[in-house]
Each structure stands twice: as C-alpha cells, then as structure tokens.
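K.L.:
Residues in the sequence shown are numbered from 1 upward in steps of one, following UniProt numbering. In this text, a Cβ means the ideal position worked out from N, Cα and C, and glycines have one as well. Just so we're clear, the structure is a prediction, and the values are computed from it rather than from any experiment.
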Amino acid sequence: MSDINIDTDEILNIEQRYYQQGYDDGVAQSTKEQLIEGEEYGYQTGFQRFLIIGYIQGLVEYWQKNIEKYANNKSFESHLQQLKDLVVDIPIINGDEEVAEFEKRVNKARNKLRVVATLAKESWKISHLDELMKEVGGQLQVSENVDDMW
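#1: With residue 153 as the anchor, note down where its alpha helix (DSSP H) starts and where it stops.
#2: Please report the straight-line C-alpha distance between Gln44 and Thr8, rounded to a whole angstrom.
#3: On a CA-only basis, which of Val106, Val116, Glu122 and Ser127 is nearest Gln48? Give me that one, please.
#4: Quick one: what does DSSP say Lys108 is sitting in, helix, strand or coil?
#5: Nearest-angstrom Cα distance between Gln57 and Ile93?
#6: Measuring only the C-alpha atoms, how far is Gly22 from Gln29?
#7: Considering Cα atoms alone, identify which of Val115, Pro91 and Ser127 is closest to Phe50.
#8: Determine the direct distance from the alpha carbon of His79 to that of Tyr70, and round the result to whole angstroms.
#9: How is Lys121 classed by DSSP in three states: helix, strand or coil?
Structural data, given as structure tokens:
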C-alpha cells in the first residue's frame with residue numbers, strides 16, 4: 001500500500017482550484033470590459049469636446065461667406081478673424097498641456113463668439129448653444145459617480 005502516492009491535499013482542495021479559475025476568468029473579463037468602456041468614454045468625450053469647435057467653425061464660415069452683409073462694421077471683421085484664429089488650429093492631442101490650451105481657447109472662443117454674434121445681430125444662433133451641444137452630443141454615460149472618479 002505504500003506504493004500509491006496520492007496527494008490528498010489536491011483532491012480535498014478541489015474547490016480552491018475552481019475558485020481560483022473563476023477569479024482569474026473574472027479578472028480577465030473585467031479588464032477587457034473596462035478597456036472597451038474606456039475607449040467608448042474617450043470617443044464620446046472627444047466628440048462632445050470638439051462638437052462646439054465644429055459649430056463655431058461653421059458659424060465663422062457662414063459669416064465669412066456673407067461678409068458683405070456686415071461690411072459697414074469694421075470691428076466685426078476684426079473680431080471674426082480673431083475668432084477664426086482661436087479655433088482654426090486648436091490642439092487635438094490629449095496631453096495635459098494640450099488639454100489646458102484647448103480649455104483656454106474654447107473659453108476665449110465662446111466669449112468672442114458672443115461678441116461676433118452680437119455685432120452680426122444674430123445672437124439667436126448661440127443663445128441656446130449649451131442645450132444644443134447637450135442634445136446633439138448627449139450626456140456622458142459612466143458606470144460610476146463622475147464626482148467620485150477624480
């Protein structure tokens with residue numbers, strides 16, 4: 001009887017092996033799902049952040065094509081050019097410095113947009129800008145409280 005070498009610990013602890021396998025599978029699946037969720041969040045955030053830039057660029061194009069309507073207002077042309085300069089080459093990289101530059105330029109562009117729209121007597125085009133951006137871009141969907149994330 002001493003010829004048989006049976007590891008009884010492995011037989012008696014079979015539950016631990018299945019527990020570990022389930023745990024490892026869960027970690028792998030969770031990692032994969034978090035990566036996908038992170039990518040989706042990044043795409044949505046990028047879309048929302050640049051939606052307003054596209055809208056402003058569209059307004060600038062419109063006003064430039066119809067500049068003769070505003071020809072009697074020299075400050076309009078100057079402000080319009082300043083607005084165009086703010087949004088024409090805005091950084092699209094996600095580094096800390098670029099994000100800070102983006103935020104600064106968007107804030108300046110929003111303020112300049114108010115001035116240009118007022119000079120053009122077309123404030124209605126921007127009066128509900130935030131609601132429009134939220135309607136088109138949607139709300140950010142996250143799996144946890146946004147305030148607790150950072």
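P.N.:
Considering the structure as presented:
#1: Outside the shown range of the chain (1 to 150) lies residue 153, about which nothing can therefore be said.
#2: In the sequence shown, residue 44 corresponds to position 44, counting from 1. In the sequence shown, residue 8 corresponds to position 8, counting from 1. Whole-angstrom Cα-Cα distance: 54 angstroms.
#3: The sequence position of residue 48 within the sequence shown is 48, counting from 1. Selected option, being the one with the closest Cα: Val106.
#4: If you number the sequence shown from 1, residue 108 lands on position 108. If DSSP states are grouped into helix, strand and coil, Lys108 belongs with the helices.
#5: Counting from 1 along the sequence shown, the entry for residue 57 is found at position 57. Counting from 1 along the sequence shown, the entry for residue 93 is found at position 93. Spanning the two alpha carbons is a distance of roughly 19 angstroms.
#6: Within the sequence shown, numbered from 1, the residue matching residue 22 stands at position 22. Within the sequence shown, numbered from 1, the residue matching residue 29 stands at position 29. So the two alpha carbons sit approximately 10 angstroms from each other.
#7: Start at 1 with the first residue of the sequence shown, and residue 50 comes out as number 50. Residue Pro91 is the option with its Cα nearest to Phe50.
#8: Within the sequence shown, residue 70 is the residue found at index 70, counting from 1. Within the sequence shown, residue 79 is the residue found at index 79, counting from 1. For Tyr70 and His79, the distance between alpha carbons rounds to 12 angstroms.
#9: In the sequence shown, the residue the question calls residue 121 occupies position 121. Here Lys121 carries a coil assignment [DSSP, helix/strand/coil].
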